[in-house]
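Peer 1: The sequence shown maps to residues 2 to 558 in the working numbering.
Note that CB positions come from ideal geometry on N, CA and C, so glycine has one too.
First, the structure itself, so that you have it in front of you.
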Amino acid sequence: MRFTVPGPRSLAGQLFAMQAVLIAVVVAGYALFSYVSDRSQAEEAATRQATAVARSVADSPSVLAATRTPDPTAELQPYALKVMRDTEVDFITIMDPRGTRWTHPDPKQIGQTFQGHTERALKGETFTETYTGTLGPSVRAVTPIQDGGEVVGLVSAGIRVEQITQRVQDQLTALLGVPAGALVLGAVGTYVVNARLRRHTHGMNATELSRMHDYHQAALHAVREGLLMLDGQYRVALINDGGRELLGVAGDVVGRSVAELGLPAPLTGALLASEPRVDEVHLTASRVLVINTSPVSGGERRGTVVTLRDVTELQSLMGELDSERGFTQALRSQAHEAANRLHTVVSLIELGRAEEAVEFATAELELAQELTDQVVAAVSEPVLAALLLGKTAQANERGVELMVSEDSSLDDGLLPESLPARDLVTILGNLIDNAVDAAQGSARARVTVAAYTRGSGDVPELVLRVSDTGPGVDPEHAEAVFQRGFSTKPAGPGGRGLGLALVRQAVQRHEGSLTVAEADGGGAEFEVRLPLREPGTPGDAVSCGATSVARGAGGDA
Numbered sequence: 002m003r004f005t006v007p008g009p010r011s012l013a014g015q016l017f018a019m020q021a022v023l024i025a026v027v028v029a030g031y032a033l034f035s036y037v038s039d040r041s042q043a044e045e046a047a048t049r050q051a052t053a054v055a056r057s058v059a060d061s062p063s064v065l066a067a068t069r070t071p072d073p074t075a076e077l078q079p080y081a082l083k084v085m086r087d088t089e090v091d092f093i094t095i096m097d098p099r100g101t102r103w104t105h106p107d108p109k110q111i112g113q114t115f116q117g118h119t120e121r122a123l124k125g126e127t128f129t130e131t132y133t134g135t136l137g138p139s140v141r142a143v144t145p146i147q148d149g150g151e152v153v154g155l156v157s158a159g160i161r162v163e164q165i166t167q168r169v170q171d172q173l174t175a176l177l178g179v180p181a182g183a184l185v186l187g188a189v190g191t192y193v194v195n196a197r198l199r200r201h202t203h204g205m206n207a208t209e210l211s212r213m214h215d216y217h218q219a220a221l222h223a224v225r226e227g228l229l230m231l232d233g234q235y236r237v238a239l240i241n242d243g244g245r246e247l248l249g250v251a252g253d254v255v256g257r258s259v260a261e262l263g264l265p266a267p268l269t270g271a272l273l274a275s276e277p278r279v280d281e282v283h284l285t286a287s288r289v290l291v292i293n294t295s296p297v298s299g300g301e302r303r304g305t306v307v308t309l310r311d312v313t314e315l316q317s318l319m320g321e322l323d324s325e326r327g328f329t330q331a332l333r334s335q336a337h338e339a340a341n342r343l344h345t346v347v348s349l350i351e352l353g354r355a356e357e358a359v360e361f362a363t364a365e366l367e368l369a370q371e372l373t374d375q376v377v378a379a380v381s382e383p384v385l386a387a388l389l390l391g392k393t394a395q396a397n398e399r400g401v402e403l404m405v406s407e408d409s410s411l412d413d414g415l416l417p418e419s420l421p422a423r424d425l426v427t428i429l430g431n432l433i434d435n436a437v438d439a440a441q442g443s444a445r446a447r448v449t450v451a452a453y454t455r456g457s458g459d460v461p462e463l464v465l466r467v468s469d470t471g472p473g474v475d476p477e478h479a480e481a482v483f484q485r486g487f488s489t490k491p492a493g494p495g496g497r498g499l500g501l502a503l504v505r506q507a508v509q510r511h512e513g514s515l516t517v518a519e520a521d522g523g524g525a526e527f528e529v530r531l532p533l534r535e536p537g538t539p540g541d542a543v544s545c546g547a548t549s550v551a552r553g554a555g556g557d558a
């Protein structure tokens, strides 16, 4: 035969059992207290009643007169029985000073000696006692019958203890109805409350809830993705370590409104939105985040669950991929053009015009070398030079002339370690891509790039300027163009409005400035100024190992 060991009760069941036991104990204690209290009160009431009856009989003139007659029993026995019925006492015994009974409820006891104490009454004192006589245990009062100062008889009136107990039991029966009703009402209320609690705790016991809390805390600290929970008033209810790191918040933020966290306005707006957001890209000071929001509802809005993913490196790789695709297209175009030129040279040779073939090939080589020499002479920093050469080929493929201005001068090794070339690629690459997009299709489509250093106070600056011949930027949109999501072009598969936002992010990370104005020949002119600080110098608030947000990401405003 198998015995099944019952598992631990749910938390709601344990609370119900505990509350039921508590109510039962309280009711039992109340009943016991009531019984003891009522019995004491009943005994006191019986004592007062017996004393009052005994003294009334002893003070009666007819009783005093009967004590002087030869046969007191003849007059006193009927009188005593009548008073017993009227006052609801169990006995009234009238006796002479020696204790010989003149009256008794049992006529056989008349003439017998009174069972009890009379010494104090013979001294003129009224007293009470509990004594077992012919009728059983009783609470009785004994008082003297006095004629002047002489004691001529005694009166004893009493109520049996059994009668007192019966009175208490009758009162207790009625009294127990109230706590019994309270017990039933408390049990029903406890059951209803615990049924609701059982629904909220999903029937789990305290051990299971404790274990779930431990798992919950461990998961919050172990998950690298950010988790943010907001209540119905958009205050932070919970945030894990990953969320603090990704949002860049410190200290105790639980209970604070999202609007008070100092996050970028677009990100704050997304967190405060009532509708859910799915895989929405947002920028912070140093990261590219993808957020998802989901409202928590149960008949009414109770809060919002927000997940955060860091796609900074992913965005960087996507930017590099876009650049590689652009370079690939440029190489394909150049290969196509090289094939055409090669066919031309071959055809000239076949036609017997070798001199024209040599002249044609030499002119093409000189043009390509001239472009390379021009870029390298102006910008000898290898990464930026390679970027400019690649962007030049891309621009030519799209019918846009990319020029490096004559005042450009950027020597190799000039940039400090606090300003890595990868960040410059992010800044300059996105600005050139936006300029080429804007200039494409305009008359004499051209993009001009300037890169040089200049002294500004104690800290020199790197100036990057990109201008185009496009339609320009509306002055009303001079600030909006740097916000994520703003674009004057149709949205593509990967979205629009991220390039200039990434540029501003990188510029702000290096404590630089970014402005847009109208170019001299029309179009837009973007200018970036970055301080050139050596690592460890005062004011160098940028870490040498700062993570690049996007390298060469496809640019659009």
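For residue 352 and residue 346, what's the separation of their Cα atoms in angstroms?
Peer 2: Within the sequence shown, residue 352 is the residue found at index 351, counting from 1. Within the sequence shown, residue 346 is the residue found at index 345, counting from 1. Their Cα atoms are separated by approximately 10 angstroms.
Peer 1: If you draw a straight line from the C-alpha of residue 517 to the C-alpha of residue 362, how long is it?
Peer 2: Position 516 of the sequence shown, counted from the start, is the residue given in the question as residue 517. Position 361 of the sequence shown, counted from the start, is the residue given in the question as residue 362. Taking the straight line joining both Cα atoms gives about 42 angstroms.
Peer 1: Can you give me the C-alpha to C-alpha distance between residue 427 and residue 505, rounded to a whole angstrom?
Peer 2: Taking the first residue of the sequence shown as position 1, residue 427 is located at position 426. Taking the first residue of the sequence shown as position 1, residue 505 is located at position 504. Rounded to whole angstroms, residue 427 to residue 505 spans 10 angstroms at the Cα level.
Peer 1: Whether or not the region 434-441 and the region 464-475 are in contact is what I'm after, with contact meaning three or more pairs of Cβ atoms, one per stretch, closer than 8 angstroms; do they touch?
Peer 2: The region 464-475 and the region 434-441 touch, with no fewer than 3 CB-CB distances between them shorter than 8 angstroms.
Peer 1: Sorted by chain position, which residues of the same chain lie with C-beta nearer than 7 angstroms to residue 236's C-beta, five sequence neighbours on each side aside?
Peer 2: Position 235 of the sequence shown holds residue 236. The answer, listed in chain order, is 256, 257 and 258.
Peer 1: Report buried or exposed for residue 492, applying the criterion of at least 16 other Cβ atoms within 10 angstroms of its Cβ.
Peer 2: Reading the sequence shown from its first residue, position 491 is the one you call residue 492. Interpretation of residue 492 is limited by its pLDDT of 41, a score under 50 that renders its predicted location unreliable; no figure is taken from the coordinates.
Peer 1: Within the chosen definition, does the region 197-209 reach the region 35-53 through at least 3 CB pairs nearer than 8 angstroms?
Peer 2: no
Peer 1: Assign residue 333 to buried or exposed, taking buried as 16 or more other Cβ atoms, counted over all protein chains shown, within 10 Å of its Cβ.
Peer 2: Here the question's residue 333 lines up with position 332 in the sequence shown. Exposed: under 16 other Cβ atoms inside 10 Å.
Peer 1: Using the Cβ count rule (16 or more neighbours within 10 Å means buried), how would you classify residue 307?
Peer 2: The sequence position of residue 307 within the sequence shown is 306, counting from 1. So residue 307 ends up on the buried side.
Peer 1: Taking the alpha carbon of residue 43 as the point to measure from, which residue in 108, 161 and 85 has its own alpha carbon closest?
Peer 2: Indexing the sequence shown from 1 puts residue 43 at position 42. When each option's Cα is compared against that of residue 43, the closest is 161.
Peer 1: So within the region 250-312, which uninterrupted beta strand (DSSP E) runs reach at least 3 residues, ignoring any that extend past its ends?
Peer 2: Entirely contained in the region 250-312, the beta strand (DSSP E) runs reaching 3 residues are, in chain order, 278-284, 289-298 and 302-311.
Peer 1: Can you name the start and end residues of the beta strand (DSSP E) that residue 138 belongs to?
Peer 2: Numbered from 1 along the sequence shown, position 137 holds the residue referred to as residue 138. Element bounds for residue 138: 137-148.
Peer 1: Does DSSP classify residue 90 as helix, strand or coil?
Peer 2: The residue you call residue 90 lines up with position 89 of the sequence shown. Looking at residue 90 - three-state DSSP - the assignment turns out to be coil, as it is neither helix nor strand.
Peer 1: Around the Cβ of residue 26, are there at least 16 other Cβ atoms within 10 angstroms (buried) or fewer (exposed)?
Peer 2: Translated into the one-based positions of the sequence shown, residue 26 becomes position 25. Exposed.
Peer 1: How many Å lie between residue 86 and residue 116 at the Cα?
Peer 2: Taking the first residue of the sequence shown as position 1, residue 86 is located at position 85. Taking the first residue of the sequence shown as position 1, residue 116 is located at position 115. If you take the alpha carbons of residue 86 and residue 116, they lie about 22 angstroms apart.
Peer 1: By how many angstroms is the C-alpha of residue 122 removed from the C-alpha of residue 128?
Peer 2: Start at 1 with the first residue of the sequence shown, and residue 128 comes out as number 127. Start at 1 with the first residue of the sequence shown, and residue 122 comes out as number 121. Spanning the two alpha carbons is a distance of roughly 7 angstroms.
Peer 1: Excluding the 5 residues preceding and the 5 following residue 260 in the sequence, name in chain order all residues of the same chain whose CB lies nearer than 8 angstroms to its CB.
Peer 2: Mapped onto the sequence shown, residue 260 falls at position 259. Here the set comprises 235, 269 and 273.
Peer 1: Taking the beta strand (DSSP E) that residue 134 belongs to, which residues open and close that run?
Peer 2: On the sequence shown, position 133 is the one that residue 134 refers to. Residue 134 -> beta strand (DSSP E) spans 128-134.
Peer 1: Looking only at C-alpha atoms, which of 130, 126 and 76 sits nearest to residue 105?
Peer 2: Here the question's residue 105 lines up with position 104 in the sequence shown. When only C-alpha atoms are compared, the closest one is 76.
Peer 1: If you draw a straight line from the alpha carbon of residue 197 to that of residue 20, how long is it in whole angstroms?
Peer 2: Position 196 of the sequence shown, counted from the start, is the residue given in the question as residue 197. Position 19 of the sequence shown, counted from the start, is the residue given in the question as residue 20. Their Cα atoms are separated by approximately 15 angstroms.
Peer 1: Using only alpha-carbon positions, find the residue among 311, 448 and 394 that is nearest to residue 329.
Peer 2: Working through the sequence shown from its first residue, we reach residue 329 at position 328. The candidate whose alpha carbon is nearest that of residue 329 is 394.
Peer 1: What distance in whole Å lies between the Cβ atoms of residue 409 and residue 446, which are believed to be in contact at a cut-off of 8 angstroms?
Peer 2: In the sequence shown, residue 446 corresponds to position 445, counting from 1. In the sequence shown, residue 409 corresponds to position 408, counting from 1. Contact flag wrong, Cβ pair sits at about 20 angstroms.
Peer 1: Compute the Euclidean distance between the alpha carbons of residue 186 and residue 240, then round it to the nearest angstrom.
Peer 2: On the sequence shown, residue 186 is found 185 positions in, with the first residue counted as 1. On the sequence shown, residue 240 is found 239 positions in, with the first residue counted as 1. Answer to the nearest angstrom: the Cα atoms are 43 angstroms apart.
Peer 1: Is it true that the CB of residue 145 sits closer than 8 angstroms to the CB of residue 136?
Peer 2: Mapped onto the sequence shown, residue 136 falls at position 135. Mapped onto the sequence shown, residue 145 falls at position 144. Not in contact: residue 136 and residue 145 (Cβ atoms no closer than 8 angstroms).
Peer 1: Whole angstroms are fine: how far does the CA of residue 64 sit from the CA of residue 55?
Peer 2: For the purposes of this step, residue 55 is taken as residue 54 along the sequence shown, with counting starting at 1. For the purposes of this step, residue 64 is taken as residue 63 along the sequence shown, with counting starting at 1. Distance between the alpha carbons of residue 55 and residue 64: 12 angstroms.
Peer 1: Can you check the region 184-233 for any beta strand (DSSP E) of at least 3 residues that lies completely inside it and give the ranges in chain order?
Peer 2: 227-232
Peer 1: Distance, Cα to Cα, residue 18 vs residue 298?
Peer 2: Counting from 1 along the sequence shown, the entry for residue 18 is found at position 17. Counting from 1 along the sequence shown, the entry for residue 298 is found at position 297. If I take the Cα positions, the gap works out to 32 angstroms.
Peer 1: Suppose you measure from the CA of residue 110 to the CA of residue 57; what does that come to, to the nearest Å?
Peer 2: The residue labelled residue 110 in the question sits at position 109 within the sequence shown. The residue labelled residue 57 in the question sits at position 56 within the sequence shown. Their Cα atoms are separated by approximately 23 angstroms.
Peer 1: Quick one: does the C-beta of residue 251 sit closer than 7 angstroms to a heavy atom of the ligand COA?
Peer 2: Ligands displayed in this structure: none; no statement on the ligand COA is therefore possible.
Peer 1: On the three-state DSSP scale, how would you describe residue 99?
Peer 2: If you number the sequence shown from 1, residue 99 lands on position 98. DSSP places residue 99 in coil when its eight states are reduced to three.
Peer 1: Can you tell which of 229, 402 and 444 has its C-alpha closest to the C-alpha of residue 296?
Peer 2: Locating residue 296 in the sequence shown gives position 295, counting from the first residue. When each option's Cα is compared against that of residue 296, the closest is 229.
Peer 1: Is the CB-CB distance between residue 385 and residue 425 below 8 angstroms?
Peer 2: To locate residue 385, count along the sequence shown from 1; it is residue 384. To locate residue 425, count along the sequence shown from 1; it is residue 424. Yes, the pair counts as a contact, with Cβ atoms nearer than the cut-off.
Peer 1: Look up residue 54 in the DSSP assignment and say whether it is helix, strand or coil.
Peer 2: As a working note, residue 54 is residue 53 in the sequence shown. Three-state result, residue 54: helix.
Peer 1: Are residue 114 and residue 100 closer than 8 angstroms when you measure CB to CB?
Peer 2: As a working mapping, residue 114 is identified with position 113 in the sequence shown. As a working mapping, residue 100 is identified with position 99 in the sequence shown. Closer than 8 angstroms, so yes.
Peer 1: Please list, in chain order, all residues of the same chain as residue 341 whose beta carbon is under 7 angstroms from its beta carbon, the five residues on each side excluded.
Peer 2: As a first step, residue 341 must be located in the sequence shown, where it is residue number 340. Once the five neighbours on either side are set aside, residue 341 has no close Cβ partner at all.
Peer 1: According to DSSP, simplified to helix, strand and coil, what is residue 491?
Peer 2: As a first step, residue 491 is located in the sequence shown; it is residue number 490 there, counting from the start. Here the model assigns residue 491 a pLDDT of 43, short of 50, so the residue's position is not dependable, and the following value carries that caveat. If DSSP states are grouped into helix, strand and coil, residue 491 belongs with coil.
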